[in-house]
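Residue 1 is where the sequence shown starts when you use the UniProt record's numbering, and the numbers rise one by one after that. The beta-carbon is built from N, C-alpha and C at its ideal position, and this holds for glycine as well. Here is the structure we will look at.
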Amino acid sequence: MTGRIKRISRKLVAAESLYGWCLIGISGPPNKNSSDSFAMKVVVEEDISKQLEAFWQLENLGIEPVNENLNRKDNKILQEFEENIQFRDGRYVVKLPWKDNLKESLDNNYEIAHERFSKLCHKFKSDQSLYTEYKNVVDSYVEQNIVERVPNSNAIGGAEFYLPHRAVIRHDRVSSKLRIVFDASSHKRGKFSLNDSLHIGPNLYPDLFELLLSFRKHLIAFTVDIKQAFLNVELDDSDKNVTKFFWTDNPESFSESLEVLRFNRVLFGINSSPFLLTATIKYHLKKYSSLFPQTHELLNKFVYVEDVLGGQSTVASAYTTSVECAQFLVNQICLCTNGLLILLNCVNCGRRMVSLLKFHRTLLVKI
1 MTGRIKRISR KLVAAESLYG WCLIGISGPP NKNSSDSFAM KVVVEEDISK QLEAFWQLEN
61 LGIEPVNENL NRKDNKILQE FEENIQFRDG RYVVKLPWKD NLKESLDNNY EIAHERFSKL
121 CHKFKSDQSL YTEYKNVVDS YVEQNIVERV PNSNAIGGAE FYLPHRAVIR HDRVSSKLRI
181 VFDASSHKRG KFSLNDSLHI GPNLYPDLFE LLLSFRKHLI AFTVDIKQAF LNVELDDSDK
241 NVTKFFWTDN PESFSESLEV LRFNRVLFGI NSSPFLLTAT IKYHLKKYSS LFPQTHELLN
301 KFVYVEDVLG GQSTVASAYT TSVECAQFLV NQICLCTNGL LILLNCVNCG RRMVSLLKFH
361 RTLLVKI
């Protein structure tokens, strides 16, 4: 207590404490039928130095620059990734970065995923258009072999995990307004989630502030986007069973038509997915760095998730760089030979650049 006291009435006083003012006493005549209740509010002011530190981190967009001297744990994760990555049937195949001894003890999360899917089916019953859009996305995943149906006789041993999922709808999008979000952080009380059991992985992204400044200095600026980048990286067979989820073609009686699907590809929603994608791209670029040295340097330095921000001072050099970017990613030594799509957006590029790009068949151009 600070010692400051203010008398409100004959039986009620206010006393100041380190946590604020407290009322002490009786505000009115006692009522035998009344019940007592207590409330307390605590407001903790942060240290000014911590507030300044948070402010400067915000000014830096919250992105730390790549640490060239990774710590021992990050080095180990990166080394294991490079030892396990394979190129099979036109795709890179990667393993999830498991924490020590947590894969074997992972709870399957069956009950929670089943309960949440049951609630989702109730939404489907009352909103047929939601179900139709949702089903279109799932069907497209199956057609592209992004996911596969798991038969009841599936007897693959090892860890398994069921992912709850829900819809996120963006009405501002021209296409693909609905996106399915998978919850890898779901878990029973006292159990680890899938995300708890995986390493996030080292931060391989460039400094975002430097990236944006560099992008703005060019006379001709362009971006390269790898469409469905996460879903173009194959997941190793040993890890597919931890990406199971429930689905049905009949929400009215889903318990009778319940299906189990699982991912064949790296999915967005697992905490290690950004690391796996970036590490895969950088691994690919390192293998073929001698092919186009200057473009390799640009890609390696300015790739951010599935986007590359770049630019050049002339139309000719911008065209050369954009074509080499595409060849890096979609030719016979590509990140994925099975339908990878490069979207190129060109700003201030003029008619000549547009004409050049329209004649280049490896690019889908958006001007």
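Assumed close pair residue i, residue j - CB separation to whole angstroms, cut-off 8 Å
| i | j | result |
| --- | --- | --- |
| Phe275 | Gly201 | 3 Å |
| Asp236 | Val147 | At roughly 15 Å, the Cβ-Cβ gap does not stay under 8 Å, so Asp236 and Val147 are not in contact. |
| Leu194 | Ala167 | Between Ala167 and Leu194 the Cβ distance is about 20 Å, and since that is not below 8 Å, they are no contact. |
| Leu23 | Thr2 | 15 Å between Cβ atoms; not a contact. |
Within 8 Å, strictly: CB atoms of residue i and residue j
| i | j | result |
| --- | --- | --- |
| Ile220 | Val305 | no |
| Ile270 | Ala159 | no |
| Tyr162 | Lys244 | yes |
| His218 | Gln312 | yes |
| Val224 | Cys325 | yes |
| Phe182 | His165 | yes |
| Val113 | Phe246 | Sequence check: residue 113 is Ala here, not Val. In contact: Ala113 and Phe246 (Cβ atoms closer than 8 Å). |
| Leu277 | Ala229 | yes |
| Phe222 | Ser118 | no |
| Ser197 | Leu267 | no |
| Leu178 | Val137 | yes |
| Ser272 | Leu96 | yes |
| Lys240 | Phe263 | yes |
Straight-line gap, residue i to residue j (C-alpha atoms, nearest Å)
| i | j | result |
| --- | --- | --- |
| Val260 | Tyr319 | 46 Å |
| Ile85 | Glu234 | 10 Å |
| Gln327 | Asp107 | 43 Å |
| Gly25 | Ser49 | 39 Å |
| Ala15 | Asp47 | 25 Å |
| Leu126 | Lys6 | Here the sequence assigns Ser to residue 126, which means Leu is not the residue at that position. Those two C-alpha atoms are separated by around 59 Å. |
| Glu115 | Asp207 | 41 Å |
| Ile169 | Ser27 | 52 Å |
| Gly310 | His187 | 41 Å |
| Leu258 | Leu212 | 47 Å |
| Tyr283 | Arg265 | 18 Å |
| Tyr92 | Tyr110 | 30 Å |
| Ala279 | Leu204 | 7 Å |
| Trp98 | Glu297 | 31 Å |
| Gln79 | Ser140 | 35 Å |
| Glu104 | Phe124 | 35 Å |
| Leu231 | Gly20 | 54 Å |
| Gln128 | Thr248 | 14 Å |
| Asp74 | Phe81 | 11 Å |
Secondary structure of residue i, DSSP reduced to three states
| i | result |
| --- | --- |
| Phe292 | coil |
| Thr223 | strand |
| Leu343 | Low confidence applies here, because Leu343 scores a pLDDT of 45, under 50, leaving its location unreliable; read the following figure in that light. Three-state result, Leu343: strand. |
| Asp307 | strand |
| Ser238 | helix |
| Leu298 | helix |
| Lys11 | coil |
| Val323 | helix |
| Arg179 | strand |
| Tyr283 | helix |
| Asn331 | Reliability of the predicted coordinates at Asn331 is poor, the pLDDT of 43 falling under 50, and no value is obtained from them. |
| Ala167 | strand |
| Val233 | coil |
| Ser185 | coil |
Near the ligand ATP: residue i beta-carbon under 7 Å from a heavy atom
| i | result |
| --- | --- |
| Asp237 | Inclusion of the ligand ATP in the displayed structure is not the case, the ligand content being empty and no account of it being possible. |
key: Entirely enclosed alpha helix (DSSP H) segments - the region 77-149, minimum 4 residues   = 110-126 and 128-143
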